[in-house]
Each structure stands twice: as C-alpha cells, then as structure tokens.
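Residue numbers for the sequence shown follow our numbering, so the first one is 33 and each next one is one higher.
All residues carry an ideal CB built from backbone N, CA and C; glycine is no exception.
What follows is a single structure, written as structure tokens, with notes after it.
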Amino acid sequence: MTQVYLPRTLAELWSYLEGKPEALVYAGGTDLLVKMRTGKVTAAPALICLERLAEIRDVRETADAIRIGAAATHAELLRHPLILTHLPVLTQALHTLGSPLIRNMGTIGGNICTASPAGDTLPPLYILRAEVELCNGETIRIMTIEEFITGPGATQLQKGELLTGVLLKKPVEYNFHHFEKVGQRKSMACAVASMAALLRLSPAGVIEAARLSWGSVGPTVVTAAVVEDALIGEKLSLETLAAAAGKIKQIVAPIDDVRATAEYRRSVSGNLLLRLLDARPPS
Ligand SMILES: Cc1cc2nc3c(=O)[nH]c(=O)nc-3n(C[C@H](O)[C@H](O)[C@H](O)COP(=O)(O)OP(=O)(O)OC[C@H]3O[C@@H](n4cnc5c(N)ncnc54)[C@H](O)[C@@H]3O)c2cc1C
C-alpha cells in the first residue's frame, strides 16, 4: 500500500525524502495521480504531498521582482493582488487553465515540472523571463525556465530536488499583456495552440518593445526573436501583424495529434498574432 506523507515544513520534507528516496513528490496531483492511475507513471511505495508547505505557497514582492512559491495553486494566484497588478499575462493564462476544480488543486510548480508543451502557464513564464529556484535541502540552483525545460515532459530537476519558487522581474516596461488559447472547446481543454505577448505601445500605437511565445506548437514553448524584431518600430496594424504571422508559421514545429493537425496548429499560430489588434488597450 502506498504511504502518503504530508510535511508541514521543508525540514520535515527533506527528512522524509532522506528516509524514502524512492518517494514521488506531488502538489495538487492533477497530473501525477492521473498518470499513476493510467499506468503512465509506476506507482511509488510512498508519496510526499507539498500541499501543506506554507513556506513554498506564498507570493512575495520586492521593489522590482515577484517570487511565487511553487506550491501556490492556480486559484490562489488568480485572486492574488500582486499577480493581478503586475502579471496580467499570467492571470489571463490561468483563467483558461482546466476548470475551477483543477485550478483549486493544480499548482504553478506542477505545471512547470510537468513540462507539457500545452502547459498554460509556460508561454507567459517564458516571456516574463521567469527563473526557477531548485533546492535539495542543502544547495539552491537558479536557472531560467528556458534552461529548465529541456523537452516534452523533460526538465533539469534532479533526484531529491524540489522546485521551491518562481522568480519574476516586474515587467514595468510593457503596457500591453495578452494571452490567448485555442482549444477544442472553451474550458477543460488542452491548448491546440496558444500565444502570450508583452508589448510596449507608444501613444501613437507604435510597437516599441515585444516579447512573444507560443504553446503547443513545438516540443517546448516557441519564442522567435525574428518575429519580435519584425514588430519593433512598426505600428500595431493588420499589415504589420500579417507579415509577422507569415514568419511564425515558418518557425513553429507542431505535430499532428488527437486534438489537431500540425497544419491547423501552424495556421492558428499566425492567426493568434492577428488577434493582438482586437485585444489592444484603448488609446
Ligand atoms: C481534467 C484536467 C484538465 C486539465 N487542464 C489543463 C489545462 O487546461 N491547462 C494546463 O496547463 N494543464 C491542465 N491540466 C494539467 C494539470 O492540472 C496542470 O499541469 C497542473 O498545473 C499540475 O499541477 P499539480 O500541482 O496538480 O501537479 P502534480 O500532479 O502534483 O505534479 C506534476 C508533476 O510535477 C512534479 N512536481 C509538482 N510540484 C513540484 C515541485 N514543487 N517540485 C518538484 N516537482 C514537482 C510531480 O512530481 C509530478 O511529476 C489538466 C489536468 C486535468 C486532470
């Protein structure tokens, strides 16, 4: 029978992990427990749940940065004033993730460690240049999310290591945050393709800075400096976006699967860029 441990402090967690090195860690369990039930992950003799670890569940602020505890749930982040104020692009993505039940259980750390190309928090975290904080009880490693996620379902997380926090600089230089996801239906659907954008628009509507990323159209989140560069200095117009859309369609590397064909995903990647026109803030 599987034993489940519910540590209340990180000190307790490290001592459980030392005693049960074969234990699997989970937070909300909305990915891991599903995979265990369907046999995609072999059941472990022990599970360690992160749910009660207040130390890695809070959101903190410094003058120019925000630290999100890895065990913060999506629902907690959705109603957190610091996230609402400083990271609207993440809030928009969280609104589309799963259902209220999934958002109450699932965590940002679980979404990152699952490293699915369709993980909804990932496109925003890439353009926010998020860093992940990894700890094994003795040492702390910090790396960018781009370095951390190495492929579909693959990360640099080492045995005995925990993702403890997500570190973000406040994106003060951007005045237009946007996330959009296309799925087979409005909710409870994995992304067929998604796009996150941070733009700085001048009062005349010229794009002065741009960061863009796409989900579900490659083995990991796709970023494209060439598309960002094509936008900078141009007016946010249909012509500008259509030209950039043509470029991203050449760059993404989607696959055919049960949700959509690669060709459809390629086309949606470009169309999501065009949607920036409707989503732009009123001038
Ligand atoms: C019905 C349903 C709908 C869903 N819809 C969506 C959706 O629309 N969009 C989306 O992106 N996802 C969706 N998911 C997937 C899932 O809910 C999310 O990925 C969620 O964020 C996972 O978080 P969790 O805390 O439940 O992860 P868990 O299942 O607890 O863990 C997932 C993996 O991460 C590891 N892990 C978790 N936390 C840590 C940590 N702090 N340190 C180290 N390792 C850790 C675990 O060991 C495990 O391997 C859905 C799932 C279900 C069941």
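Item                                                                                                                                                        : Value
Where are the beta strand (DSSP E) runs, 3 residues long or more, that stay fully inside the region 127-162, in chain order?                                : none
Please report the distance separating the alpha-carbon of Ala-241 from that of Leu-306.                                                                     : 17 Å
May I have a chain-ordered list of the beta strand (DSSP E) segments no shorter than 3 residues that lie completely inside the region 50-126?               : 56-58, 78-81, 91-93 and 97-101
On the three-state DSSP scale, how would you describe Thr-255?                                                                                              : strand
Since Tyr-206 is in the beta strand (DSSP E), which residue starts that stretch and which ends it?                                                          : Element bounds for Tyr-206: n/a, residue is neither H nor E.
What's the C-alpha gap between Pro-120 and Met-33?                                                                                                          : 43 Å
Just to confirm before moving on: does the CB-CB distance between Trp-246 and Ser-269 stay below 8 Å?                                                       : no
Can you name the residues that DSSP bridges to Gly-247?                                                                                                     : Ser-226
Considering only the alpha carbon of each residue, which of Tyr-296, Val-258, Gly-51 and Gly-141 lies closest to Ala-78?                                    : Gly-51
Taking the beta strand (DSSP E) that Thr-272 falls in, what are its first and last residues?                                                                : Looking at the DSSP string, Thr-272 is not in any beta strand (DSSP E); the run it does join, the alpha helix (DSSP H), is 270-283.
Asp-90: beta carbon under 7 Å from a heavy atom of ligand 3?                                                                                                : In terms of ligand content, the structure shown lacks ligand 3 and carries ligand 1 instead.
Mind checking who Tyr-337 pairs with in its DSSP beta bridge?                                                                                               : In the structure as shown, the chain begins at 33 and stops at 315. Residue 337 is therefore absent and cannot be evaluated.
To the nearest angstrom, how far is the alpha carbon of Val-284 from that of Val-249?                                                                       : 6 Å
CB Leu-233 to CB Ile-239, shorter than 8 Å?                                                                                                                 : yes
Give the straight-line distance between the Cα atoms of Ala-150 and Val-224, rounded to the nearest whole angstrom.                                         : 8 Å
Is Pro-156 buried or exposed, if buried means 16 or more other CB atoms sit within 10 Å of its CB?                                                          : buried
I'd like to know if the region 78-88 and the region 112-129 are in contact, where contact means that at least 3 CB-CB pairs between them fall below 8 Å.    : no
Looking at the unbroken beta strand (DSSP E) that takes in Arg-173, where does it start and where does it end?                                              : 172-176
Going along the chain, which residues of its own chain have a beta-carbon closer than 7 Å to the beta-carbon of Ile-115, five neighbours each way excluded? : Val-91, Leu-109, Leu-122 and Thr-123
Hey, is the region 182-195 in contact with the region 276-295, meaning 3+ C-beta pairs nearer than 8 Å?                                                     : no
Glu-266 to Ile-280, Cα distance in whole Å?                                                                                                                 : 17 Å
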